[in-house]
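What follows is a set of notes on a single structure, which appears directly below.
Residue numbers (my numbering): 1111 to 1223.
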């Protein structure tokens, strides 16, 4: 019985040592890459501002309308098949979130007293 306990504890100790070594190498790599990522200088949020404008334009444009109508129609279809109002409500909720979400989030972040 003692031999089996020692064998198990040695196996666990070896596995733990390998895991610590692997995660240590991963942590060191991430730390090195993160340092170089933050080393550059930026002038505000120009990179993210462009991305925000692009995604907001997509959501408010034809892509957003297409996704909202598709979600509504899929919800209607699933509601009919399952004979449940929950699928229809989820489709309507997704369509409303996609239609009004970007303006609501922009309004929250640009709110000033």
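Yeah, the Cβ is synthetic: ideal placement off N, Cα and C, and Gly gets one too.
Rounded to whole angstroms, the gap between the alpha carbons of residue 1204 and residue 1169 is 12 Å.
Of the other Cβ atoms in all chains shown, fewer than 16 fall within 10 Å of the Cβ of residue 1221; this residue is therefore exposed.
DSSP, reduced to helix, strand and coil, places residue 1174 within a helical segment of the structure shown. Residue 1201 and residue 1185 do touch by the CB rule: their CB atoms are close to 2 Å apart, below 8 Å. If the five residues before and after residue 1195 are omitted, its C-beta is found closer than 7 Å to the C-beta atoms of 1189, all from its own chain and listed in chain order.
Annotated three-state conformation of residue 1219 is helix, per DSSP. A direct Cα-to-Cα measurement between residue 1166 and residue 1180 gives close to 19 Å. Straight across, the Cα-Cα distance linking residue 1164 with residue 1182 is about 24 Å. Residues of the same chain with a CB within less than 7 Å of the CB of residue 1198, apart from the 5 flanking positions on each side, are 1185, 1186, 1189 in chain order. Judged by their CB atoms, residue 1209 and residue 1174 are nearer to each other than the 8 Å cut-off.
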